[in-house]
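Let me begin by presenting the structure, written as structure tokens, before commenting on it.
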């Protein structure tokens, strides 16, 4: 399959790349690295990415920033970080990507454990994940040409625990290699509208 | 209690108003009617509303538009309708309202059944509801001064069934009077981080 992997150099993206690149033709896209450059906060940039890549069998999206910190410090402006990238960025990858997706292709987006098992400081991230999760479930009912759509919700990553463990007391870290398997399940499996939780 | 009711003239808002106005001092806010005018898509307008109303014991938010229709017609621009009002509008009512909320006050936001029980055409609404739902759950852990936050998720409203029943086959309509009770539960009860489903 021809797979477009957006965010291929992040912790999750690179684990996904290692797992799927021996099995599929993978095109990578990222803000500063990759076969194609894309700024997912810009609809023009997303469209330019698809124009350059052409028709694909699957799109996997792993990027998305968000403000992490006390609610009292979460201003509407800081909340825009997650809205523009993790939320709108990922949803626009789908809305603008449908015309470039081959029949029975698939979209796999990324959410995270904060939507299910919230922590202090994680309201903005949770908001974006909750949005993507509910969008996927509803959009799966309405996709043309048998196109599937799922999302992977990773727990606290083993690789990121030094940076984030203070926010996630008692959360068991999961290795990127385990999380990557969920993307493979979405890519090569037959389900749609699913949340693949790796907690 | 001094309660600020935003969206008081809508189907839900007016049912909430009838139920709570005999019990509390209710200030109403809306785009074109009410004690105060507010455009919830503008942070300046939300702040001006709070400046005009002053300290409150509770805020209830019932407004929020969204595009309802086939996914193929859901452009990024049409998706902005829900993002700007139902999603960001409601969340900014909280983020900008915290300084105006008295100790142990409460915010009650509005979501909807499409996030749990999706239908064709409802991806944009579901997205906004999922965002607000996950935000409420996470933000409740981090609210200052014992402030509570909940949301009410109404099913298909009896009063709106003529307009929407084609999108909701087999959904049992619920009367606005039942939905309004859930807002009263959030307002006068003690729970936080809850989803009050009225399906």
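Chains as they are written, first to last, in the numbering used here: chain Y, 1 to 199; chain B, 200 to 398. Ideal Cβ positions, reconstructed from N, Cα and C, are used throughout, including at glycine. Here the structure is a predicted model, which means the values were calculated and not measured.
Between the beta-carbon of residue i and the beta-carbon of residue j, is there less than 8 Å?
| i | j | result |
| --- | --- | --- |
| residue 313(B) | residue 324(B) | yes |
| residue 187(Y) | residue 60(Y) | yes |
| residue 367(B) | residue 356(B) | no |
| residue 228(B) | residue 237(B) | yes |
| residue 41(Y) | residue 84(Y) | yes |
| residue 378(B) | residue 351(B) | yes |
| residue 154(Y) | residue 112(Y) | yes |
| residue 326(B) | residue 264(B) | no |
| residue 388(B) | residue 142(Y) | no |
| residue 87(Y) | residue 132(Y) | yes |
| residue 139(Y) | residue 94(Y) | yes |
| residue 24(Y) | residue 1(Y) | yes |
| residue 383(B) | residue 218(B) | yes |
What first and last residue would you give for the beta strand (DSSP E) that runs through residue i?
| i | result |
| --- | --- |
| residue 148(Y) | 148-154 |
| residue 304(B) | 300-309 |
| residue 397(B) | 394-397 |
| residue 27(Y) | 25-30 |
| residue 205(B) | 201-205 |
| residue 256(B) | 255-260 |
Measuring alpha carbon to alpha carbon, tell me which of the options ends up nearest residue i.
| i | options | result |
| --- | --- | --- |
| residue 43(Y) | 67(Y), 18(Y), 90(Y) | 90(Y) |
| residue 317(B) | 117(Y), 129(Y), 195(Y), 134(Y) | 134(Y) |
| residue 271(B) | 76(Y), 75(Y), 98(Y), 66(Y) | 98(Y) |
| residue 252(B) | 217(B), 300(B), 291(B) | 300(B) |
| residue 279(B) | 161(Y), 150(Y), 18(Y), 92(Y) | 92(Y) |
| residue 191(Y) | 181(Y), 198(Y), 150(Y) | 150(Y) |
| residue 209(B) | 397(B), 339(B), 359(B) | 359(B) |
| residue 220(B) | 398(B), 394(B), 380(B) | 380(B) |
| residue 96(Y) | 285(B), 295(B), 257(B), 275(B) | 275(B) |
| residue 371(B) | 218(B), 383(B), 398(B), 382(B) | 398(B) |
| residue 363(B) | 254(B), 244(B), 266(B), 200(B) | 266(B) |
| residue 202(Y) | 175(Y), 19(Y), 197(Y), 166(Y) | Any answer about residue 202(Y) is impossible in this case: the structure gives chain Y only from 1 up to 199. |
| residue 261(B) | 328(B), 365(B), 269(B), 268(B) | 328(B) |
Identify the continuous alpha helix (DSSP H) that holds residue i and give its terminal residues.
| i | result |
| --- | --- |
| residue 185(Y) | 176-188 |
| residue 318(B) | Element bounds for residue 318(B): n/a, residue is neither H nor E. |
| residue 215(B) | 210-219 |
| residue 280(B) | 275-281 |
| residue 45(Y) | 43-53 |
| residue 292(B) | 287-294 |
| residue 162(Y) | 161-164 |
Taking 7 Å as the cut-off, is the beta-carbon of residue i closer than that to any non-hydrogen atom of the ligand ADP?
| i | result |
| --- | --- |
| residue 377(B) | For the structure depicted, the ligand ADP is absent and the ligand set is empty, with no information on it obtainable. |
*Check distances from the C-beta atoms of the region 75-87 of chain Y to those of chain B and list, in chain order, the residues that come in under 8 Å.*
Residues 75, 76, 79, 83, 87.
_Cβ contact check for the region 4-23 of chain Y and the region 31-38 of chain Y: 3 or more pairs under 8 Å_ = Touching, yes, given that three or more Cβ pairs across the two stretches are closer than 8 Å.
*Determine which residues of the region 288-314 of chain B have a Cβ less than 8 Å from any Cβ of chain Y, and write them out in chain order.*
If the cut-off is 8 Å between Cβ atoms, the region 288-314 of chain B has 290, 291, 294, 295, 297, 313, 314 near chain Y.
*asked:* Between the region 87-106 of chain Y and the region 145-152 of chain Y, can you find at least three pairs of beta-carbon atoms closer than 8 Å?
replied: By the Cβ rule, the region 145-152 of chain Y counts as touching the region 87-106 of chain Y, because three or more pairs are nearer than 8 Å.
*Of the residues that make up the region 241-270 of chain B, which ones have a beta carbon closer than 8 Å to any beta carbon in chain Y?*
242, 269, 270
*Any residues in the region 344-371 of chain B with a beta carbon nearer than 9 Å to a beta carbon of chain Y? Which ones, in chain order?*
none
*Between the region 25-42 of chain Y and chain B, which residues of the former have a C-beta closer than 8 Å to a C-beta of the latter?*
none
*asked:* Any C-beta of chain Y within less than 9 Å: which residues of the region 378-393 of chain B qualify?
replied: Taking 9 Å as the cut-off between beta carbons, the residues of the region 378-393 of chain B near chain Y are 392, in sequence order.
_Against chain Y: residues of the region 330-341 of chain B by CB proximity under 7 Å_ = 330, 332, 333, 334, 336, 337, 338, 340, 341
*Closer than 9 Å, Cβ to Cβ, to anything on chain Y: give me those residues from the region 315-327 of chain B, in chain order.*
315, 317, 318, 319, 320, 321, 322, 323, 324, 325, 326, 327
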